[in-house]
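Chain order of the listed sequences is F and V. Mapping of the first sequence onto the numbering used here: position 145 corresponds to residue 222, and the numbering continues sequentially without gaps. Mapping of the second sequence onto the numbering used here: position 14 corresponds to residue -2, and the numbering continues sequentially without gaps. Worksheet for the structure shown next.
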Amino acid sequence: MTHDPAAGPGAWLAVVLPLAVAVPYLAGWAVLRRRGTAWPRTRLLAAAGGLAVAAVALSPPVTARTGEFSGHVAQHLALVMLAPLLLACSAPVTLALRTLPRRPRRGLLRVLHSAPVRILTAPVVVVPLELGSLAALYLTPLFGLLHSSPFLHLLVHGHMVLTGCLVSWLLAGVDPIPRRVSTPARAGVLVLLAAGHGVLAKLLYASPPVTLGAADEVRAGAQLLSYGGDVIEVLLAVAVMAEWYRRTGRRLRAEQRRAGRAVLDVPT
Amino acid sequence: MPPPVERPARTGRSLLTGVLVGVGVAGFVDETVFHQLLHWHHFYDRGTSAAGLVSDGFFHAFSWTAVVVGLFLLADLHRRQATVPVRVWAGGLVGAGAFQLYDGLVQHKVFGLHQIRYGVDLLPYDLAWDVAGALLLLAGLVLLRRPARPLAAPPW
Chain F
78 MTHDPAAGPG
88 AWLAVVLPLA
98 VAVPYLAGWA
108 VLRRRGTAWP
118 RTRLLAAAGG
128 LAVAAVALSP
138 PVTARTGEFS
148 GHVAQHLALV
158 MLAPLLLACS
168 APVTLALRTL
178 PRRPRRGLLR
188 VLHSAPVRIL
198 TAPVVVVPLE
208 LGSLAALYLT
218 PLFGLLHSSP
228 FLHLLVHGHM
238 VLTGCLVSWL
248 LAGVDPIPRR
258 VSTPARAGVL
268 VLLAAGHGVL
278 AKLLYASPPV
288 TLGAADEVRA
298 GAQLLSYGGD
308 VIEVLLAVAV
318 MAEWYRRTGR
328 RLRAEQRRAG
338 RAVLDVPT
Chain V
-15 MPPPVERPAR
-5 TGRSLLTGVL
5 VGVGVAGFVD
15 ETVFHQLLHW
25 HHFYDRGTSA
35 AGLVSDGFFH
45 AFSWTAVVVG
55 LFLLADLHRR
65 QATVPVRVWA
75 GGLVGAGAFQ
85 LYDGLVQHKV
95 FGLHQIRYGV
105 DLLPYDLAWD
115 VAGALLLLAG
125 LVLLRRPARP
135 LAAPPW
């Protein structure tokens, strides 16, 4: 089974998609700079890294190899897992809320607090959505149908990328989401997703579906999905805990300052 | 000079930290040594049951996340100067031993997830695996009976 590259997104996506994020991000950063407000350089680096990963994953040399299942998995790991994680760490929503003019800012806030976003960011929705999408793509004939329709191809891949963004956004916890999800809950979501990911990889390895390609190719891809998924799981865990460590650190320093002041305030 | 802030030792948190790191390290050793270096374990074994696949997926994911969470919790304990080392060690041994026993008894035997090694008499391997797990667990439980003394100063 060969995956006709012409049926997939064209090379233009590799340029247009990263630019569509980079331009507004840099514009927001420029606004902050003019105001003299600090914006962590790590976030700028995370944005650059995420967009570079996305551009490479969409570039013709990579898309040409997605005909083989392991090539498809490599692209999936980069585009649906790694790039969204880096972008979520770059806090694009926070940047937008700080720098947009009043009216679009109010619009963005309305969207963030709207019922669909509230529902979509709930862990009980995110976990089945992500695992269900993966199962639907790999364990049903859907994957085979993608070659016949460029539109379906774009739709399904777009859906996977957006779902990946949703997961990363929820887990990284840098940007505000409608209802705060506690750190233990986010770690639990990560374990469930990673477990589902691992089980799916083993299932593909145990009985390679013919729709995905030759059995040996699918086995190689399934192992890549398993090990690559592990690496990204660790990165996600670091993202979850780093946010917690910074947040509790701020609270700890505030407590120490208060304690210091309380002692100084004691009348002599 | 700011006066020292009251630093209550975090006994329970130290224990939890140890358990998480212990489970994570046991999972890491299993994956690195037996899967990747020795190639004794197999990625997948035809004898694996569905419950085995789910259990393996869950514990594999849990151990990776646990080691990261545990290390961040340890860093937090240290910056609060609230670490109780004896509890961290006890938790670590209990976590590693319990994971090893679960892996050896439930995953390998009950669920038929891959065996320790293929093409050999399994009994000595299984015994060594489970006795090692039981000893780790026992050492952790013995350590738990020691009084919880907090770290006087951070280790740096």
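Note that beta-carbon positions come from the ideal geometry of N, C-alpha and C, so glycine has one too. Only a predicted model underlies this, so the values are computations on that prediction, with no experimental measurement involved.
Here F:Val92 has Ala132 as same chain residues with Cβ atoms under 8 angstroms from its own Cβ, once five neighbours each way along the sequence are excluded. Among the residues facing chain V, F:Met158 is not included, as its CB has no counterpart in that chain under 8 angstroms away.
Within chain F, not a single residue places a beta-carbon under 8 angstroms from that of V:Asp114; the smallest gap is close to 24 angstroms. Here F:Pro95 carries a helix assignment [DSSP, helix/strand/coil]. Take F:Leu208, set aside five residues on each side of it, and the residues of its chain with a beta-carbon closer than 6 angstroms to its own are Gly273, in chain order. Close partners of F:Val276 in chain V (Cβ separation under 7 angstroms): Leu37, Val38, Gly41. A direct Cα-to-Cα measurement between F:Thr171 and F:Ala316 gives close to 17 angstroms. For V:Phe83, not one C-beta of chain F is nearer than 8 angstroms to its own C-beta. For F:Ile196, the enclosing alpha helix (DSSP H) stretches over residues 192 to 197.
Going by DSSP, F:Pro138 is part of the alpha helix (DSSP H) stretching over 137 to 140. The segment 258 to 266 of chain F makes no contact with the segment 102 to 111 of chain F: fewer than 3 CB pairs, one atom from each, lie closer than 8 angstroms. A straight line joining the alpha-carbon of F:Gly126 with that of F:Tyr282 spans about 31 angstroms.
Out of V:Asp110, V:Leu125, V:Leu58, the CA that lies nearest to the CA of V:Ser(-2) is found in V:Leu58.
In this chain, the alpha helix (DSSP H) harbouring V:Leu0 covers -5 to 13. F:Pro205 is classed as exposed because its beta carbon has fewer than 16 other beta carbons within 10 Å across all chains shown.
Proximity of chain F to V:Phe12 at the Cβ level (cut-off 9 angstroms) is not reached, the minimal Cβ distance being about 10 angstroms. By the criterion of a C-beta distance shorter than 6 angstroms, F:Ala97 is surrounded by no residue of its chain, once the five residues flanking it on both sides are discounted. At least one C-beta of chain V is nearer than 8 angstroms to the C-beta of F:Glu310. The residues Thr(-5), Ser(-2), Leu(-1), Ala132, in chain order, have a CB closer than 6 angstroms to that of V:Arg71 in the same chain once the five nearest residues on each side in sequence are set aside.
Taken in chain order, the members of the segment 46 to 63 of chain V whose beta-carbon sits within less than 9 angstroms of a beta-carbon on chain F are Phe46, Trp48, Thr49, Ala50, Val51, Val52, Val53, Leu55, Phe56, Leu57, Ala59, Asp60, Arg63. The residue among F:Leu223, F:Tyr322, F:Thr198 with its C-alpha nearest the C-alpha of F:Pro255 is F:Thr198.
Distance from the Cα of F:Leu121 is smallest, within the candidate group F:Pro169, F:Ala151, F:Leu301, F:Leu90, for F:Pro169. When C-alpha distances from F:Thr217 are compared across F:Arg118, F:Leu177, F:Pro285, the shortest belongs to F:Pro285.
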